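In order, the protein sequence lines correspond to chains C and L.
To convert a position in the first sequence, counted from 1, into the working numbering, add 25.
To convert a position in the second sequence, counted from 1, into the working numbering, add 25.
Protein chains: 2
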Amino acid sequence: MAEDKKKQVILVTNDDGITAPGIQNLVEAVKGLGKIIVVAPDKPQSGMGHAITIGVPLRLNKVAFLGDADIEAYQCTGTPVDCVKLAVDKVLHRKPDICISGINHGANHSINVIYSGTMSAAVEAAIESIPSVGFSLLDYSLDADFTASRKYARIIVEEMLKNPPDKHTVLNVNIPIAKEEEIKGVKICRQAYAKYEEDFLERLDPHGRKYYWLTGEFVNFDEGKDTDVWALANNYISVVPVQFDLTHYTLKDKLEKTWSFVHKER
Amino acid sequence: MAEDKKKQVILVTNDDGITAPGIQNLVEAVKGLGKIIVVAPDKPQSGMGHAITIGVPLRLNKVAFLGDADIEAYQCTGTPVDCVKLAVDKVLHRKPDICISGINHGANHSINVIYSGTMSAAVEAAIESIPSVGFSLLDYSLDADFTASRKYARIIVEEMLKNPPDKHTVLNVNIPIAKEEEIKGVKICRQAYAKYEEDFLERLDPHGRKYYWLTGEFVNFDEGKDTDVWALANNYISVVPVQFDLTHYTLKDKLEKTWSFVHKER
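Take a look at the structure:
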């Protein structure tokens, strides 16, 4: 117990749900670096962005995880952001030293950071003054190879526990589909400007009424070699530091000068 | 029809649902400024953040709106972000000249921008190269007085249609609870640093099992007079320009210099 008290606390969550191989690999990656607490959704929550659950109450149930008695794990009926909030308030009763989210099955580079439940959990932690990292592998398949992801996740988490960064730090880490030996290293990047070109699939139900499936193609408009999209295409692990102050300061100055009807400071 | 083709197109959405007084007031506010198309959720979607609907298909149904035959309106089974995507792809088949979202029943200042469906709809539009504004009134009540909100919403939308800003522009506009004559004007602001101090309410169900309701208190840590929180407390309308490039550039430079294991540009 005395030893346990000195241990740093690592909160682990994700958006693919607690049974996803990605979160199991993330826990394996950081084993031994601290006391591990898992609080993750009980079902997939991809694309939930920063959603929170207001209209219905939440359940939290203790579960076994990887057959390892040292790992305390809970599944939650809410979104990834709910998981972080509940973990801090009702499970840990304190702030963990780090919150890690993932490993997501699929890319969260570029504009995906905005739609991603994985990243929203990390952003929520940082708002609550907990340094955090979201990890995503560019491979949707259930039998994806997480070997390289595990290696680099451990390097990054170890660094952050040894040299704690600013408490509002959020990192968006993406791992390319590549063998460990093909990966060229870790590159600090900016978020590429890309978007989804939507193309809703229109179908008719048995009663002849239309319904729509959201589909879309990821289109990159940003050729910068300092972007996450470039880094991943060139077999680097991309790390984008993320902020939750969304103020567009350049535009703020411009509007103050150009809009005639706004209050001017003396 | 010839006249109609010259008209600018205004897409209106919200997160409180198509029957909310807020969206009706927003439509009233901009009447006459262009062709109005409403595509809004069929039920409240507060706190949905930037959620999109992946697992189930979406429905879109044409409805009457304010008894005004000139207004084309649709209710959608999805989130605010889904509404914007569907509106562009399946209703308008083109980009509108502006997308406006709200008027939200309740504040979206400071950190609320991240949780807000109202603001996520606006951000989605800007990602798709449509200038956009989210409007929120700091009054949750269904019989809130939207008089001042309507006046300032019209001033801002008129300005943006006359002098189109950058296509990725997003503005987060909040209106204080105050009589029109008490409002001191419009102030361009930055997002205050505030957060919710969570306090989950724990209850027992009839079977003796715990469940939790998310509750929390908004706590402001930022006394800056250039913030939206200050402006609203002092009876200004706050306008925060919002960006969707979440890269934290200062931290990016720092990590490039301090992390030993990252790729350095020659």
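C-beta: ideal position from N, C-alpha, C; glycine also.
This one's a predicted model, so the numbers in the text were calculated from it and none came from an experiment.
Kindly provide the ranges of any beta strand (DSSP E) runs that are 3 or more residues long and lie completely inside the region 183 to 246 of chain C, ordered along the chain. 195 to 200, 210 to 213, 219 to 223, 226 to 229, 235 to 238, 241 to 245
What residue range is occupied by the uninterrupted beta strand (DSSP E) comprising P66(C)? 60 to 66
Quick one, which residues of the region 65 to 80 of chain L are near chain C if we go by CB-CB under 7 Å, in chain order? Contacts with chain C (Cβ-Cβ distance below 7 Å) from the region 65 to 80 of chain L involve S71, G72, M73, G74, H75, A76, I77, T78, I79, listed in chain order.
According to DSSP, is E153(L) part of a helix, a strand, or is it coil? coil
Whole-Å CB distance - D114(L) paired with F246(C), under 8 Å assumed: Actually they are not in contact, since the Cβ atoms of D114(L) and F246(C) sit about 18 Å apart, beyond 8 Å.
Which value, in whole angstroms, describes the spacing of the CA atoms of V34(L) and N188(C)? Between V34(L) and N188(C), the C-alpha separation is close to 52 Å.
Looking at the unbroken beta strand (DSSP E) that takes in G47(L), where does it start and where does it end? Element bounds for G47(L): not the beta strand (DSSP E) but the alpha helix (DSSP H), 46 to 55.
Identify every residue that forms a DSSP beta bridge with T252(L). R215(L)
Inter-residue spacing [alpha-carbon to alpha-carbon] between Y236(L) and A256(L): Straight through space, the alpha carbons of A256(L) and Y236(L) are spaced by roughly 38 Å.
Leaving out the 5 sequence neighbours to the left and right, which residues in its chain are closer than 8 Å to L58(L) when beta-carbon positions are compared? Q33, I35, R179, V182, E183, L186
Assuming I213(L) and K277(C) make a contact with CB atoms under 8 Å, what is their CB distance in whole Å? 6 Å
Interfacial residues, the region 83 to 95 of chain C to chain L, with Cβ spacing under 8 Å: L83, R84, L85
Going by the beta-carbon positions, is the gap between I139(C) and H75(L) smaller than 7 Å? yes
Nearest chain B C-beta to E281(L) closer than 7 Å, yes or no? The structure shown contains no chain B; the protein chains it does contain are C and L.
7 Å Cβ cut-off: residues of chain L touching I213(C): K277, L280, E281, V287
If the criterion is Cβ atoms closer than 7 Å, does the pair P121(C) and D40(C) meet it? Using a Cβ distance threshold of 7 Å, P121(C) and D40(C) do not count as a contacting pair.
My output table needs one value for T275(L): the three-state DSSP class, helix, strand or coil. helix
Among all the DSSP beta bridges, which residues are the ones paired with A98(C)? Within the DSSP bridge table, the entry for A98(C) names V63(C), V88(C) as partners.
Limits of the unbroken alpha helix (DSSP H) element including Y165(L): No alpha helix (DSSP H) holds Y165(L); DSSP gives it neither H nor E.
Cut-off 7 Å between Cβ atoms - residues of its own chain near A45(L), not counting five sequence neighbours on either side: N39, H130
Is the Cβ of I35(L) closer than 7 Å to any Cβ of chain C? no
Among A151(L), I96(L), A203(L), P190(L), nearest to K87(L) - alpha-carbon criterion: I96(L)
Terminal residues of the continuous beta strand (DSSP E) containing I262(C)? 261 to 267
Presumed contact (8 Å Cβ cut-off) between E149(L) and K192(L), rounded CB distance: Contact flag wrong, Cβ pair sits at about 13 Å.
Just the chain L side, please: which residues come within less than 8 Å of W284(C) by C-beta, in chain order? E184, V211, I213
Does the Cβ-Cβ distance between S174(C) and V254(C) come in under 7 Å? no
Give me the DSSP bridge partner(s) of H130(L). L162(L)
Please report how far the alpha carbon of K31(L) lies from the alpha carbon of V264(C), in whole angstroms. 46 Å
Between the beta-carbon of I262(L) and the beta-carbon of I202(L), is there less than 7 Å? Not in contact: I262(L) and I202(L) (Cβ atoms no closer than 7 Å).
If you draw a straight line from the C-alpha of Q216(L) to the C-alpha of L280(C), how long is it? Near 15 Å, if we compare the C-alpha coordinates of L280(C) and Q216(L).
Straight-line gap, F90(C) to T272(C) (C-alpha atoms, nearest Å): Distance between the alpha carbons of F90(C) and T272(C): 40 Å.
In this structure, how does DSSP classify D43(L) when only helix, strand and coil are distinguished? This sequence places Ile at residue 43(L); Asp is not what is there. Three-state result, I43(L): coil.
Out of D230(C), T252(C), K220(C), point me to the one whose CA is closest to F243(C)'s CA. K220(C)
Taking Cβ-Cβ distances shorter than 8 Å, what residues in chain L pair up with I136(C)? I152, F269
V34(C): first and last residue of the uninterrupted beta strand (DSSP E) it sits in: 34 to 38
I want to verify the contact list: residues of chain L whose CB lies under 8 Å from the CB of D224(C), in sequence order. D114
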